[in-house]
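What follows is a short report on a single structure.
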Amino acid sequence: MTLRSVDLRKEPVEAVLDRVERSLGVHLDHDTVVRKRRSVGARTDRSTWVRVERRGLDRIGAQGGDGTASAAALHGIAKPVWFAGVAWRDEAEPVMWLADETGLLPGTPVSSAVAAEDPQLSEEWWASLSASLDALAAQSTNRIATPDTETLTQELVTATIHSVFPGVDTAVTDWCPAHADLNWANVTSPVFCALDWEDWGMAPRGLDAASLWGASLAVPALADRVRSERRNDLESRDGKLMTLFVAAKILGPYAGPEDPRLVPARKTAEQVLQELQVS
Numbered sequence: 009m010t011l012r013s014v015d016l017r018k019e020p021v022e023a024v025l026d027r028v029e030r031s032l033g034v035h036l037d038h039d040t041v042v043r044k045r046r047s048v049g050a051r052t053d054r055s056t057w058v059r060v061e062r063r064g065l066d067r068i069g070a071q072g073g074d075g076t077a078s079a080a081a082l083h084g085i086a087k088p089v090w091f092a093g094v095a096w097r098d099e100a101e102p103v104m105w106l107a108d109e110t111g112l113l114p115g116t117p118v119s120s121a122v123a124a125e126d127p128q129l130s131e132e133w134w135a136s137l138s139a140s141l142d143a144l145a146a147q148s149t150n151r152i153a154t155p156d157t158e159t160l161t162q163e164l165v166t167a168t169i170h171s172v173f174p175g176v177d178t179a180v181t182d183w184c185p186a187h188a189d190l191n192w193a194n195v196t197s198p199v200f201c202a203l204d205w206e207d208w209g210m211a212p213r214g215l216d217a218a219s220l221w222g223a224s225l226a227v228p229a230l231a232d233r234v235r236s237e238r239r240n241d242l243e244s245r246d247g248k249l250m251t252l253f254v255a256a257k258i259l260g261p262y263a264g265p266e267d268p269r270l271v272p273a274r275k276t277a278e279q280v281l282q283e284l285q286v287s
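Mapped onto my numbering, the consecutive letters of the sequence shown carry residue numbers 9 to 287.
See below:
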């Protein structure tokens, strides 16, 4: 059976939310519902938050769909507390629904996924971001990261980079745990907290830093700050490959001609390509 392309901002989700309420024993505040393309979230009557995701079975992979629950074992990272979860297979489509109940966030998402203006974040915020990413990278897991729900393998790295930058030596040597969906909608302010841990797992060093950089390119000062804060990651060889990986996604066949990130992504990529040739 072919999986339909679904945007949960436009699909009826009442039956799904009803099932979540029964399974988790909560009442959702429907006035607080937030809809995204593949997830829906709402506040509960016990001052928690429930996020519900629709994911195709072909995107679940061998590690299963317990990203948020398994992230509860990670330490030293600013993230919501996980309380409970439920998952079930859709009766009509090759789809799994996953719902996780977590603590409320200490702030609000910084912006949409791609920043359009400088959020004016505090020094404490940047320090907490770096401390969390350093703590995450120092831990271990059998999970494999799934950015954009695709299992991150050497083959995927190579194919993505070569689609825009052919001929680059893409061999990754340093793999470590990453959030794998780090953008401005998945971090909060004024207090830093990283949310949406469904895709975390092993990834090339620098993936998270490069992802946040890519989401900042429309605001040059913000992109420069990300690169400055995560210099050690992004100046490593694997960090440079992840910069090309993210840039290739921005510059690839689905690039929007009006995307303000195109020019800075191309400029940085050309510089990184020169550095890789010299090293």
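Idealized CB from N, CA, C, for every residue including glycine.
Per DSSP, cross-strand counterpart(s) of residue i
i: CYS184; result: ALA211
i: SER197; result: THR116
i: VAL48; result: ARG43, VAL60
i: ILE152; result: MET210
i: ASP103; result: One point to set straight first is that residue 103 is Val, not Asp, in the sequence displayed. The partner list for VAL103 (beta bridge, DSSP) reads GLY64.
i: GLU109; result: VAL58, ALA92
i: ALA202; result: VAL195
i: LEU36; result: THR52
i: ARG97; result: MET104
Exposure of residue i, with buried meaning 16 or more beta-carbon neighbours within 10 Å
i: GLN59; result: The sequence shown places Arg at residue 59, rather than the Gln named in the question. ARG59 is buried by the Cβ-count criterion.
i: PRO88; result: buried
i: THR161; result: exposed
i: SER136; result: buried
i: SER224; result: buried
i: LYS275; result: exposed
i: PRO261; result: exposed
i: PRO155; result: buried
i: ARG63; result: buried
i: GLY175; result: exposed
i: VAL286; result: exposed
i: LYS248; result: buried
i: PRO185; result: buried
i: HIS38; result: exposed
i: ASP15; result: exposed
i: SER140; result: buried
When the options are compared against residue i, the one with the closest alpha-carbon
i: ALA217; options: ASN191, VAL41, VAL199, ASP74; result: ASN191
i: THR181; options: ASP232, ALA231, MET250; result: MET250
i: THR110; options: VAL280, ALA77, ASP126, ALA146; result: ALA77
i: ASP98; options: ALA23, ALA86, LEU32, SER55; result: ALA23
i: TRP208; options: ARG45, ARG151, ALA95; result: ARG151
i: GLY49; options: TRP105, ARG67, LEU65; result: TRP105
i: THR52; options: LEU164, ALA146, VAL28; result: VAL28
i: ASP232; options: LEU259, MET210, ALA273; result: ALA273
i: PRO20; options: ASP37, ARG46, ARG30, VAL165; result: ARG46
i: LEU32; options: VAL176, LEU164, ALA95; result: ALA95
i: LEU113; options: THR159, PHE200, ASP66, PRO102; result: PHE200
i: ALA8; options: ALA100, GLU163, ASP26, PRO185; result: A question about residue 8 goes unanswered here, because the residues of the chain that appear run from 9 up to 287.
i: SER138; options: GLY264, VAL195, ALA100; result: VAL195
i: LEU252; options: GLU237, SER236, GLU283; result: GLU283
i: GLU131; options: VAL234, ALA263, ALA146; result: VAL234
Cα-Cα separation, residue i to residue j
i: SER197; j: GLU206; result: 21 Å
i: LEU144; j: LEU82; result: 7 Å
i: SER55; j: THR40; result: 12 Å
i: GLN279; j: LYS257; result: 17 Å
i: TRP183; j: ARG213; result: 6 Å
i: ARG245; j: PRO268; result: 26 Å
i: VAL165; j: THR178; result: 7 Å
i: LEU215; j: ALA255; result: 12 Å
i: ASP142; j: VAL271; result: 30 Å
i: GLN128; j: SER171; result: 35 Å
i: ASP230; j: ASP126; result: Sequence check: residue 230 is Leu here, not Asp. Approximately 6 Å between the Cα atoms of the pair.
i: ALA153; j: THR168; result: 15 Å
i: ASP189; j: THR157; result: 9 Å
i: TRP134; j: GLU237; result: 7 Å
i: SER219; j: TRP57; result: 25 Å
Contact test: residue i Cβ vs the ligand SAM heavy atom, cutoff 6 Å
i: ALA223; result: This structure lacks the ligand SAM; in fact it carries no ligand of any kind.
Touch check for the region 239-248 and the region 113-125: three-plus C-beta pairs under 8 Å?
Note that the region 239-248 does not touch the region 113-125; fewer than 3 beta-carbon pairs, one per stretch, sit closer than 8 Å.
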